[in-house]
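So the structure is just underneath, and the comments pick up after that.
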Amino acid sequence: MSEYIKPEKSIWKMANGDIWEGPMSELPKSNASLVAKAGVEVSVDYLKAQGWGKVEKKAPKKKAAKKAPETKAVKPEDTEDK
Numbered sequence: 276m277s278e279y280i281k282p283e284k285s286i287w288k289m290a291n292g293d294i295w296e297g298p299m300s301e302l303p304k305s306n307a308s309l310v311a312k313a314g315v316e317v318s319v320d321y322l323k324a325q326g327w328g329k330v331e332k333k334a335p336k337k338k339a340a341k342k343a344p345e346t347k348a349v350k351p352e353d354t355e356d357k
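With the sequence shown counted from 1, adding 275 to any position gets you the numbering used here.
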């Protein structure tokens, strides 16, 4: 027997295949299909078939940019001939 869960947020499948969780009013793009409505029991097998629950690897962090050397301004008084 398969497991059932009640998602806290609605689960949407975007046109490009990405999964997004949240209310319809906050969808980042249009043309999304509702996979599971918040508070309604849904089969875990169905959600996994839709791509929910897959953990994507994050891109490696980029190294911090090197600081530019400090340039010190010379006061105009020091450059005048005396």
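Glycine included, every Cβ here is placed at the ideal spot set by N, Cα and C.
DSSP three-state assignment for residue i, whether helix, strand or coil
i: V315; result: coil
i: S285; result: coil
i: S277; result: coil
Enclosing beta strand (DSSP E) for residue i [first to last residue]
i: E296; result: 294 to 296
Among the options, nearest to residue i - alpha-carbon criterion
i: N306; options: A313, G314, I294; result: I294
i: K284; options: E296, Q325, G328; result: E296
i: L302; options: A313, P282, K288, G314; result: K288
i: A313; options: G328, S300, I286, E345; result: I286
i: Q325; options: T346, E316, G292, K347; result: G292
Presumed contact (8 Å Cβ cut-off) between residue i and residue j, rounded CB distance
i: V317; j: P282; result: 7 Å
i: W327; j: V310; result: 7 Å
Proximity test, Cβ basis, 7 Å: residue i and chain D
i: E301; result: The displayed structure is made up of one protein chain only, and chain D is not part of it.
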